[in-house]
Amino acid sequence: MEKILEVTDLHVTFATYGGTVQAVRGVDFHLNKGETLAIVGESGCGKSVTVNAIMRLIPNPPGRITNGKILFKGQDLTKLKEKKMRSIRGVDISMIFQDPMTALNPTLTIGNQLMEGLKQHHDVTDKEAKRRALEMLDLVGIPNPEERLKQYPHQFSGGMRQRIVIAIALICEPELLIADEPTTALDVTIQAQILELFERIQEVTGVSIILITHDLGVVAKIADRVAVMYAGKIIETGMKREIFYRPQHPYTKGLLESVPRLDTKGKLQPIEGTPPDLFSPPTGCPFTARCPFAMEVCDKVYPESTAMSDSHTVNCWLQDERAKKVLATMATN
Amino acid sequence: MLKYILKKLLIMLFTLWIIITLTFVLMVSVPGSPFNSESSSNEIVQQNLEKHYNLDKPMHIQYLLYLKSVVTFDFGPSIKQPNQTVNDLLGRGFPISAELGIVTIIVALISGITLGILAALRHNRIIDYAAMAIAVLGISIPNFILATLLIQQLSVNWGIFPVATWKSWSHMVLPVLALATGPMAIIARLTRSTMLEVLTQDYIKMARAKGLAPWKIIVKHALRNALMPVVTIMGTLFVGIMTGSFVIEQIFAIPGMGKYFVESINHRDFPVIMGTTVFYSSFLIIMLFLVDIAYGILDPRIKVNNKEGD
């Protein structure tokens, strides 16, 4: 399958008064054309920073991409001049933000905000731009688009606003859509509608999607592949089925166990402890301190990635032959 | 919207009435009469003069007469300026004061907003520190001190601009500078702080994600939202500039309203006091009203609330 995006060894740091935060510490992943990749992880694990780095929207200073490559259709986005990057933003790669209540400018009409991206990048007449805008509103399911175009954001509900944000992101027909927690700020019934909208959009436009979320329900609904992030690193990645049914990393297992289920009784199993301090991240596996299977080696050396299948890889010492022997003997005793 | 304007108009009239009444009460309670300084006049002449200007009538009749003069906008002749009506004085003085005021507010707005934006865009860098240093100086130095300093340096020592009076554009520079610095500083600080806040908003990030050019993001998305508080204080600033110009007009010997206003109080020239006060008050009230309307135009959320009548 054709890779549309390939990120290798991405490092992002933020200089703060307290020191340098290593927010993203060597992230590798790729995205195939037309698929949906979900990046999951708890707050502060670096998932938002990773996608903002792809858009080159990390405020500099304090943020900086210190290392790594972001290959989008063969060209390295980290090396591009800002001006060239601007011609990619909104046109080839679009982004959807978490909170639709604040993502729209309260003083400009919806039509204005929809069409400005199109007018910026393409030489279109007002009439043509309006026709496109109406088309987009229709695609994202907003009734009376003609009338709605002249209205302001405060005249829309949260779900409607998120539809508009999606329409804005799609108006230049991007090949890659990055959605940063697109349903987190919405209530549950609206969440389902928006997720269905994502599926429909992908069917209609064939756009590739990176979806950031901490909600495994969202992942289960629309992702093809999943990357699990922890403390600035991707620790496990695989097809949705592989992650949900054969999770290998203790952190992934912990995440899945901390989701409330209808079919089992008893208390929810949270992951004990807190993520490590990213001012001085551990040299070994960052999950060691919270891991029920932690071994001496975990704290000292970061595990290499182990391939479980063509699509499924995990970075964990438990996959090492020697650890398997120990576990086997423990089990027999 | 019409209902809103009507309601506002009624409130404006009520405010004006309170101002008129207060001015009248203050005027009659201050000791002294317009004819005190006339040493040559004897008792009978004084009484005749007072009769001529209705000053011998009981208070409530005088009050009603004043109200009548306000409603008809005819304040009669000045007591002190021979052969001139109050309306003559207003007609001559106001255009000059208005010119000074309007040029000042335009200069203050343009320089203040520019300085504020520059400071915000270069947050915590040299331009920011320099702009804010200028702003602090501008706020701290009273305009009459600044005026004398400007005259001393730019006119007396260097001879670039004329010292005083009001004839050409070059005469305008010093009084406008002296008057505009304070408001400029206030506008600069306000623009900077709201701009810094607006620049962190999600819709700015969204505009960047659309690939818009930086200047377009600043002008179209950030500035309009950042200027909201500036519009709010515009009314108060304008009042400050207009009243501040009384002093500046005195210093630069500008024949504006301020001169007549101050003189009329010193001379107890009742019709002129009344006329200028009423004129000024209505002018400022109308300005504040216009600011209200401008606010509704800038922020669509406000207009709708009024339409729905809540």
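Line order of the protein sequences matches chains S and C. Residues in the first sequence are numbered from 1 upward in steps of one, following our numbering. Residues in the second sequence are numbered from 1001 upward in steps of one, following our numbering. We put the beta carbon where it would ideally sit given N, CA and C, even for glycine.
Take Leu268/S as the anchor and find which of Pro275/S, Glu257/S, Leu278/S has the nearest alpha-carbon. Against the first sequence, residue 268/S aligns to sequence position 268. The shortest C-alpha separation from Leu268/S is found at Glu257/S.
Rounded to whole angstroms, what's the CA-CA distance from Glu2/S to Ala1131/C? Just pull it up for me. If you number the first sequence from 1, residue 2/S lands on position 2. If you number the second sequence from 1, residue 1131/C lands on position 131. When rounded, the distance between both Cα atoms is 53 Å.
What separation, rounded to the nearest whole angstrom, lies between the Cα atoms of Glu116/S and Met136/S? Along the first sequence, read from residue 1 onward, the residue named residue 116/S stands at position 116. Along the first sequence, read from residue 1 onward, the residue named residue 136/S stands at position 136. When rounded, the distance between both Cα atoms is 14 Å.
If you drop the 5 nearest sequence neighbours on each side, which residues of the same chain put their C-beta closer than 8 Å to that of Leu114/S? Translated into positions along the first sequence, residue 114/S becomes position 114. Ala133, Met136, Leu137, Leu149, Ile164, Ala167, Ile168, Ile171.
Kindly indicate which residue of Phe198/S, Asp215/S, Val228/S has the alpha-carbon position closest to the one of Val207/S. In the first sequence, counting from the first residue as 1, residue 207/S sits at position 207. That would be Phe198/S, whose Cα lies nearest to the Cα of Val207/S.
Tell me where the beta strand (DSSP E) around Val1156/C begins and ends. Within the second sequence, numbered from 1, the residue matching residue 1156/C stands at position 156. Run containing Val1156/C: none; DSSP gives neither H nor E here.
Determine, using beta carbons only, whether Phe1261/C and Phe1283/C come nearer to each other than 8 Å. As a first step, residue 1261/C is located in the second sequence; it is residue number 261 there, counting from the start. As a first step, residue 1283/C is located in the second sequence; it is residue number 283 there, counting from the start. Cβ distance not < 8 Å, so Phe1261/C and Phe1283/C don't count as in contact.
Note down, in chain order, each residue of its chain lying with its Cβ closer than 6 Å to the Cβ of Phe72/S, except the 5 sequence neighbours on either side. Walking along the first sequence from the start, residue 72/S turns up at place 72. Only Leu5 meet the Cβ criterion.
Can you list the residues of chain S that Asp1202/C reaches, using a CB-CB cut of under 7 Å? To locate residue 1202/C, count along the second sequence from 1; it is residue 202. In chain order: Phe97, Asp99, Thr102, Ala103.
Taking Cβ positions only, does Asp1292/C come closer than 8 Å to chain S? Indexing the second sequence from 1 puts residue 1292/C at position 292. It does not: the Cβ of Asp1292/C has no partner Cβ on chain S nearer than 8 Å.
To which residues of the same chain is Gln151/S closer than 8 Å at the C-beta, ignoring the five residues directly before and after it? Taking the first sequence and counting its residues from 1, one reaches residue 151/S at position 151. Thr109, Ile110, listed in sequence order.
Spell out the partners DSSP gives Ile93/S in its beta bridges. In the first sequence, the residue the question calls residue 93/S occupies position 93. For Ile93/S, which the question treats as bridged, DSSP gives the partners Arg89/S, Leu176/S.
So, at 6 Å on beta carbons, what are the nonlocal neighbours of Val337/S in its own chain, with the 5 sequence-adjacent residues on each side left out? Within the shown structure, residues of chain S are numbered from 1 to 333, placing residue 337/S beyond reach of any answer.
Where Thr306/S sits in the DSSP three-state scheme: For the purposes of this step, residue 306/S is taken as residue 306 along the first sequence, with counting starting at 1. Shown here, Thr306/S sits in a strand according to DSSP, grouped into three states.
Under three-state DSSP, which class holds Phe1024/C? Translated into the one-based positions of the second sequence, residue 1024/C becomes position 24. Here Phe1024/C sits in helix by DSSP.
With DSSP collapsed to three states, give me the class of Thr264/S. As a first step, residue 264/S is located in the first sequence; it is residue number 264 there, counting from the start. Coil at Thr264/S, not helix or strand.
Candidates Asp224/S, Ile88/S, Val12/S: closest to Thr36/S by CA position: In the first sequence, the residue the question calls residue 36/S occupies position 36. Checking every option, the nearest Cα to that of Thr36/S belongs to Asp224/S.
Out of Leu139/S, Met239/S, His214/S, Asp180/S, which one is the CA nearest neighbour of Glu196/S? Numbered from 1 along the first sequence, position 196 holds the residue referred to as residue 196/S. With distances taken between Cα atoms, Glu196/S lies closest to Leu139/S.
Proximity winner among Glu296/S, Pro275/S, Glu304/S, Phe279/S, relative to Arg334/S (alpha-carbon distances): As displayed, chain S neither begins before 1 nor continues past 333, which places residue 334/S out of reach and without an answer.
Please compile the residues from chain C whose C-beta is within a distance smaller than 8 Å of the C-beta of Ser87/S. Position 87 of the first sequence holds residue 87/S. Result: Gly1211.
At least one CB of chain B closer than 8 Å to the CB of Asp1299/C: is that the case? You won't find chain B in this structure, because its protein chains are S and C.
Please name the residue or residues paired with Arg64/S in a DSSP beta bridge. Numbered from its first residue, the first sequence carries residue 64/S at position 64. Listed as beta-bridge partners of Arg64/S by DSSP are Thr13/S.
With a threshold of 8 Å between beta carbons, is Ser268/S in contact with chain C? What you label residue 268/S is simply residue 268 of the first sequence in a count that begins at 1. Strictly speaking, residue 268/S in this sequence is Leu, with Ser absent from that position. So, not an interface residue.
Which residues in the same chain have their Cβ closer than 8 Å to the Cβ of Asn1143/C, if we skip the five residues on either side of it in sequence? Along the second sequence, read from residue 1 onward, the residue named residue 1143/C stands at position 143. Taken in chain order, the residues that qualify are Ala1178, Leu1179, Thr1181, Gly1182, Gly1244, Val1247, Ile1248.
Along the chain, where does the beta strand (DSSP E) containing Ala227/S start, and where does it finish? Within the first sequence, the letter at position 227 stands for residue 227/S. From DSSP, the beta strand (DSSP E) with Ala227/S extends over 225 to 230.
Evaluate Glu242/S with the Cβ neighbour count: other Cβ atoms within 10 Å of its Cβ, from every protein chain shown; 16 or more gives buried, anything less gives exposed. Taking the first sequence and counting its residues from 1, the one referred to as residue 242/S is at position 242. It counts as buried.
Give me the DSSP bridge partner(s) of Pro1077/C. Counting from 1 along the second sequence, the entry for residue 1077/C is found at position 77. Pro1077/C is bridged to Thr1085/C.
What does His1123/C reach in chain S if we use C-beta pairs closer than 8 Å? Indexing the second sequence from 1 puts residue 1123/C at position 123. Under the 8 Å cutoff, chain S gives no residues; its nearest Cβ is about 10 Å from His1123/C.
With DSSP as the reference, label Gly19/S as helix, strand or coil. Residue 19/S sits at position 19 when you count from the first residue of the first sequence. For Gly19/S, the three-state secondary structure derived from DSSP is strand.
Neighbourhood of Asn52/S by C-beta distance below 7 Å, restricted to the same chain and skipping five residues each side: The count along the first sequence starts at 1 and reaches residue 52/S at position 52. Within the same chain, Asn52/S has close Cβ partners Ile58.
Could you have a look at Ala1226/C and say whether DSSP puts it in helix, strand or coil? Position 226 of the second sequence, counted from the start, is the residue given in the question as residue 1226/C. Here Ala1226/C sits in helix by DSSP.
With a cut-off of 8 Å, does the C-beta of Lys1167/C fall near any C-beta of chain S? Walking along the second sequence from the start, residue 1167/C turns up at place 167. For Lys1167/C, the answer is no, since every Cβ of chain S falls outside 8 Å of its Cβ.
Can you give me the start and stop residues for the alpha helix (DSSP H) that Gly238/S sits inside? Reading the first sequence from its first residue, position 238 is the one you call residue 238/S. Careful: Gly238/S lies outside any alpha helix (DSSP H), inside the beta strand (DSSP E) at 233 to 239.
If you draw a straight line from the C-alpha of Thr1104/C to the C-alpha of Tyr230/S, how long is it? Within the second sequence, residue 1104/C is the residue found at index 104, counting from 1. Within the first sequence, residue 230/S is the residue found at index 230, counting from 1. Straight-line Cα distance between these residues: approximately 58 Å.
Output, in sequence order along the chain, the residues in the stretch 1221 to 1248 of chain C whose CB is closer than 8 Å to any CB in chain S. His1221, Arg1224, Asn1225
Bridge-paired residues (DSSP) for Ile209/S: Position 209 of the first sequence, counting from 1, holds the residue named residue 209/S. Bridge partners of Ile209/S: Thr36/S, Leu177/S.
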